[in-house]
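Visitor: Residue numbers (the UniProt record's numbering): 1 to 210. First the structure, then my questions, so here it is.
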């Protein structure tokens, strides 16, 4: 797929997709007593030692870096669940399995900043990578049967996958539209090419004297 080899083809860079994923809520266990924190995105806290609380991922990472909390990994990020998802993804003609919209970015951030809080971290990371590869292969196969329609619907596709497929789908839909209705496209191009000339034919107003 073009988006995999050329990051400029995608609408967002991987860093931008990861930045948007940092607003996802995760559960942490504070080890300090602190009053609520007030941000533009909302108020989070109060923080009480050993009492789990949900905060945005970006805040959880910041607290973890300062040794103020531990992560409580989400239920989907376990060896048993990921093994089931991988087996289901590998079944012929299977649909995309339900995973968080930003599962790749969330997992990557947890692997980078909270590996000591994830049981069987290396196995979990391997399963996430396998799931990502299988889903990308399935996505490529689905695009091979792409038909000219007014919309494309794929359920349970993640943020990273949407970012890869969106440019291709948009160009394909435009190509189908031009092929099906060439007279409409020709008329649109004619009108757009006329507009600058019509604007240039207007008389120029004299500059105002200072």
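Glycine included, each C-beta is placed from N, C-alpha and C at the ideal position.
1. Within the same chain, show all residues whose beta-carbon is closer than 8 Å to that of residue 57, passing over the 5 residues directly before and after it, in chain order.
2. Could you give the residue range of the alpha helix (DSSP H) that holds residue 99?
3. Flag this pair as yes or no: are the beta carbons of residue 64 and residue 114 separated by less than 9 Å?
4. Which whole-angstrom value is the C-beta distance of residue 97 and residue 163, which I expect to be below 8 Å?
5. Do the CB positions of residue 53 and residue 39 come within less than 9 Å of each other?
6. Within 10 angstroms of the Cβ of residue 8, are there 16 or more other Cβ atoms? Answer buried if so, exposed if not.
7. Taking the continuous alpha helix (DSSP H) assigned at residue 59, which residues delimit it?
8. Count the other C-beta atoms from every protein chain shown that fall within 10 angstroms of the C-beta of residue 13, then say buried if there are 16 or more, exposed otherwise.
9. So what does residue 30 bridge to, in DSSP terms?
10. Quick one: Cα of residue 77 to Cα of residue 28, how far?
11. Roughly how many angstroms separate the alpha carbons of residue 214 and residue 119, rounded to a whole number?
12. If the criterion is Cβ atoms closer than 9 Å, does the pair residue 159 and residue 124 meet it?
Guide: Straight from the coordinates:
1. 21, 22, 23, 24, 25, 26, 106 and 109
2. Premise fails: residue 99 is in no alpha helix (DSSP H) and is neither H nor E.
3. yes
4. The Cβ separation is near 19 Å, so there is no contact.
5. no
6. Residue placement at residue 8 is flagged as unreliable, the pLDDT there being 45, under the threshold of 50; the coordinate-derived value follows with that caveat. That one is exposed.
7. 57-65
8. exposed
9. 69
10. 15 Å
11. The structure shown does not extend to residue 214, since the chain is modelled only from 1 through 210, so no value can be given for it.
12. no
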